[in-house]
Amino acid sequence: MSRRKLLSELTLPRRTLLRGAVGGAAVAVALPPLEAMLNENGDALANGDPLPRRFMTWVFGTGCRLEHWTPATTGSNYELTSELAPLAPVKGDMTVLTNFRNYVAGRRGHHDGVAGIFSCHPFIQLDPMGAPYASKFGGPSIDQVVADIIGNDTYVRSLQVGVSKRHLQNQGPTLATISHRGPDQPLYAERDPGALYDQLFMSFTPADDPTAARRVKALDAVIQDAQRLKRRISTNDRNRVDAHLESLFQVQKQLLAIPPDCAFPMKPDVEPYMPDGAEPLAEINAAMAQLVVMAFSCDLTRVCSYMFTGPSGGAQFYMLPPEEFPEHNTNKDYSHADHHNVSHINLPYEQDFIHRSTIVSMENLSYLLDLMKNTDDGAASLLDNSCVLAASDVAEGWAHSEVSMPLIVAGGAGGRLKRDVGHYRSPDEEPVHNVSLACVKSVLPDVDDVTELGSNSGNYNGFTNTPCSAVFEG
Amino acid sequence: MSSRRYPRIDLRRPTAVAATVFACLAGAACGSTEAPPEPPPSAAPATFAPTQAPLRRLRAAQYQNAVATMFSVEAALAATPPDDPELNGFTSIASAQLALNDDLVRDYQQSAVAVAAAAMGDGARIAELLGCNPSGADDAACMTAFVQRMGRLAFRRALVADELDDYLDVGLFAAGEANDFYAGVEYVIVALLQSPNFLFMVEVGEPVADAPARRHLTSDEAATRMAFFLTDGPPDEALLDAAEAGDLDTPEGRREAALGLLDRPEARRAMRNFFTEYLVLDDLELEPKDPNLFPEWSPTLARSMREETLRLLDDIIWTRDADIREMYTANYTFVDAPLAESIYGVPAPAGGGWGRIDVPEEQGRSGIIAHPSVLTRQANPESTSATHRGLFVLERFLCRTMPPPPDGVVTELPPSSTAPTLRERVAVHLEEPSCAGCHAISDPLGLSLENYDPIGVYRDKEQGEVIDASADHVITGAFVGAQGLGAALAGLDDSTLCLVRNLYRHGTGHVETEGELPLLVMLRDRMAENGYSLRGFLVSLVSNDAFVTIEANDNIADYEASLARGETGQEAQP
């Protein structure tokens, strides 16, 4: 499939929406790296700046079957296992990392893993007085560490998308999303492709809209109001109002933004549920992947978190009918079962179901990565200029195991990630956080610490704050 | 309650609540609660310690009701506030902790624009809010009057001078740009609806003599807290007027106001919102069920299930003002045709719609604990779950939480071919010591509900084996089936206290603290003396001095000192 053909399938004829600033106000939203903006070779901007790097975290919930996941040999010539087989089209663009350990662990399954890998902070437990258990991330997630620095020049600071709607929402923000600006600022994923489309491509203020300046003026008053309110509230609430203020400024900026000179895609048309109540996981994933790729390609954002299925979530894998398991001679049909529930049943049929569901998850990851690989970004591909950290919250769901959870780094990050490693197996259970840090450094070389643990780091043996050299080129 | 078979748990020790269950099982001595001294009816208990009142964002329902109160139902329908996340069991707790972000602020922006456009379509209401005839686009006096009136409704208090200036500025700018006074009105609404003073309940309070760490809510704040708690809506102008006249400064005044609010249909709706969250019935339509096993499962049936439960609670709380413990024991319920046919196996109500039925005796049901809604939610897509149902009873009706399963446990329940009933399959939980400690507490409660399948249909057998619904439990003692469980819950002081604690969590946006428990124990005891009327409880809670007492926040003293030094000139009332 040629790159050109694929993109043309996704997009409407190019339309030009470039226009002047609204009401004479300055607008600070970057335009996409069009050919006119590139140098002769198409590998940098005309002014010599490198093409923007994109950053993505991607999660599927509740782990895999290690015996079907872990490749038998290491190095670039490793053979894909059955669970990794769907990633064949991007095998040369990714590194499979095994035998890494999550050192922020030992308190609560799923919470430990997702907070450990995606924020490198111990999560905060909220378990008071016999109320239902809940937890928050202990610090910002790595996508937000990145977005805080490279997100301010784009229309949207970061995207949060999800596919399965059956994710766990009643144990606090930790399991509900992998994007957190801080403990009290979870960023929840959009799971409706149509709504995401509207947010990305239809929310620009038309050039002739006379109300834009009024809406900006209204926000001026709100900003004044919020700043006054801060004086008489608690310090903790001041932090919340500061977050509110930041977002008020961002939304005000968005009101004045100029749509990029970019071919916008057609609005996806996917039903949220199938007639029998199951989720069309693959169809929603395809729509979401296309929108994310277009958002990256048009430089509407450079950061995304992507929750295919949730940690400890109840996703249904409708595409896995019982007929595919004749060897078990069983009448069990888990095509509508709750994924997390099944994961805890350590019987052959159920664990085989987990194995098969992992293959489905990798098919969906592969679709996304392949799309990025087949999308031009200057002279290279979008995947070449991106870092994608794909992981799960546990290694095997039934055991909540914290060593060797699925861990894949894909993309080249504009040359900062190694591409020829293949399968790397840590000899000594390196911290997964070194992988998280390597990914952050691949787009932000100056960041040296994502743990912020300070004096607490002694409680979490293994923290080294060393970017994982298996993937980080430097 | 002399037949209580377990030691009482000292609820005044916050960590004891969850821990004591295990300590009791291990044979450790457990403390007992001494009844607090009886205070005057409206006074907080001597040991009551107030908590800080963080900003609480209006929940989506509260936002929409506020729009409906200010403008119209049509405007409320145009509103698109973002969904509410949940924390520790309630969305109101999340609303008091989490901060806004870009997506939410954008959602509120779009909602404000839509609401204002819809509000402008109701010329009569706009004219009423204006109270003046604008002489032209630049009629500043008329715009000022509008901003004052509208701002007071939106902020639930009078605007201060700076606020008035800022929003007037918006109105005059928009009116001037469009050369249309009403464009100014519209954008004043757009702006006010995005203000943190509208989106959040702000409770700063005023000083209490001789108690610098404590503050009393201002009259406006008290009206706001009371109205949102009892009706999920804002105080209307009449209540704000009454508050500003000092009517809510006394327990008697708050009692009168509470009785008035509870007579409104909005109070029923608010209580429905509470029970929907408390019983985890929101989005029941999305609960996955295996369509091969349960072809009758549908969003329509799910909605009917939730409505059944809310109708029974409506009947107990509002229609009959009866003993709230009937929620555990009622032998009647309400059904529509889908429930009658698919679940209860009784004739559909004549004439369509909903009808009250006596639950068929042979089904052994008992109040909401054997309602299809609860039984369906606390089950798997293809099977029942003794653990889920048991944990639900423990957590929601007895306020006990369980630790998660230890990592690496091999959950090898025997296959149903060799163990036909769930009781036989989960028996392994009790054989393994690392499992038994918790499952001995959760599973028996759930197994007592095994006569109801994953969508709550009665059954007496599972795979041909007669179901044994008997239980012996450390908290409840021995009992059989749903009726035994319902009677046990109704007989426990802890179940009533747990309901009260949950109402308080929902109403205040935080999990009750150690310092607040004496208040709740006192009000529970008073409720018991008052026929267990939930309505009565709501009135006594709102009237109590504790309801309007908060802990001073860490910046308020500095702020008021700077006010006293005259550093904030224009922040005084205009």
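So the sequence lines, in the order shown, correspond to chains A and B. No gaps in the numbering here: position 319 of the first sequence is 319 in the numbering used here, and each next residue is one more. No gaps in the numbering here: position 394 of the second sequence is 394 in the numbering used here, and each next residue is one more. Where is the CB? At the ideal position from N, CA and C, for every residue including glycine.
Residue-level contact to chain B via CB, residue i, 7 Å cutoff
i, result
"A:Gln316", "yes"
"A:His180", "no"
"A:Arg302", "no"
"A:Asp237", "yes"
"A:Asp143", "no"
"A:His244", "yes"
"A:Thr466", "no"
"A:Asn341", "yes"
"A:Gln125", "no"
Of the residues the options, the one placed nearest residue i, counting alpha carbons only
i, options, result
"B:Tyr187", "B:Tyr167, B:Val204, B:Ala561, B:Asn179", "B:Tyr167"
"A:Ser401", "A:Asp43, A:Phe100, A:Val90", "A:Phe100"
"B:Asn555", "A:Ser234, A:Lys418, A:Asp127, A:Ala72", "A:Ser234"
"A:Thr451", "A:Arg228, A:His423, A:Ala115, A:Ala399", "A:Ala115"
"B:Leu339", "B:Thr319, B:Ala118, B:Pro299", "B:Pro299"
"B:Leu286", "A:Pro259, A:Ala226, A:Ala282, A:Gln316", "A:Gln316"
"B:Val457", "B:Thr401, B:Leu375, B:Ser417", "B:Leu375"
"A:Val447", "A:Asn152, A:His244, A:Asp143", "A:Asp143"
"B:Glu163", "B:Ser417, B:Gly151, B:Leu398", "B:Gly151"
"B:Gly464", "B:Asn451, B:Tyr278, B:Arg125, B:Glu512", "B:Asn451"
"B:Ala94", "B:Arg59, B:Ala112, B:Arg400", "B:Arg59"
"B:Ile441", "B:Ala490, B:His388, B:Ala124", "B:His388"
Residue-level contact to chain A via CB, residue i, 7 Å cutoff
i, result
"B:Phe581", "Absent from the model: residue 581 of chain B. The displayed extent of chain B is 1 to 574, so no value can be given."
"B:Thr231", "no"
"B:Arg575", "Any property of residue 575 of chain B remains undetermined from this structure, which presents chain B solely from 1 to 574."
"B:Asn88", "yes"
"B:Gln148", "no"
"B:Glu395", "yes"
"B:Glu382", "yes"
"B:Asp321", "no"
Neighbouring residues, chain B, relative to residue i (Cβ below 7 Å)
i, result
"A:Ser404", "Per Cβ cutoff of 7 Å: no residues; A:Ser404 is ~14 Å from chain B at best."
"A:Tyr133", "Thr401"
Beta-carbon neighbours of residue i, restricted to chain B and to distances below 8 Å
i, result
"A:Thr479", "For residue 479 of chain A there is no data in the structure shown, the boundaries of chain A being 1 and 474."
"A:Tyr155", "Simply none; closest approach about 11 Å."
"A:Gln169", "Pro85, Glu86"
"A:Tyr306", "Residues of chain B passing the Cβ test: none, with the nearest at roughly 16 Å."
Listed by chain order, chain A residues near residue i by CB distance under 7 Å
i, result
"B:Ser195", "Val222, Asp225"
"B:Arg505", "Ala131"
"B:Gly390", "In chain order: nothing, as chain A lies at least about 15 Å away."
"B:Val170", "Lys217, Ala218, Ala221"
Contact set between residue i and chain A, taken where Cβ atoms lie within less than 8 Å
i, result
"B:Val202", "Leu229, Ile233"
"B:Glu177", "Pro210, Ala213, Arg214"
Sequence-distant residues of the same chain with beta carbon closer than 8 Å to residue i, five excluded per side
i, result
"A:Thr466", "Asn434, Leu437"
"B:Val428", "Glu412, Leu413, Pro414, Cys435"
"B:Asp122", "Phe71, Ser72, Glu74, Ala75"
"B:Ala117", "Ala78, Glu186"
Own chain partners of residue i with C-beta closer than 6 Å, once the 5 adjacent residues on each side are dropped
i, result
"A:Thr205", "Ala212, Leu255"
"A:Ala289", "Tyr367, Leu368, Leu371"
"B:Asn65", "Asp232, Gly233"
"B:Ser366", "Thr329, Ala482, Gln483, Gly486"
Beta-carbon proximity check, residue i vs residue j, cutoff 7 Å
i, j, result
"B:Leu519", "B:Ala546", "yes"
"A:Ile354", "A:Arg108", "no"
"B:Thr421", "B:Glu382", "no"
"B:Ala191", "A:Ala147", "no"
"A:Gln185", "B:Asn101", "yes"
"A:Cys304", "A:Met56", "yes"
"A:Ser343", "A:Gly411", "no"
"A:Ser386", "A:Arg54", "yes"
"A:Met405", "A:Ser426", "no"
Contacts around residue i, its chain only, beta-carbon distance under 7 Å, and the 5 residues preceding and following it disregarded
i, result
"A:Gly310", "Gly61, Ser164, His167, Leu168, Leu175"
"A:Lys267", "Gly194, Tyr197"
"B:Ala28", "At B:Ala28, the pLDDT of 33 sits below 50, so the modelled position is not reliable; the number obtained from the coordinates is stated separately. Closer than 7 Å at the Cβ level, and outside the excluded window around B:Ala28, lies no residue."
"B:Asp180", "Ala137"
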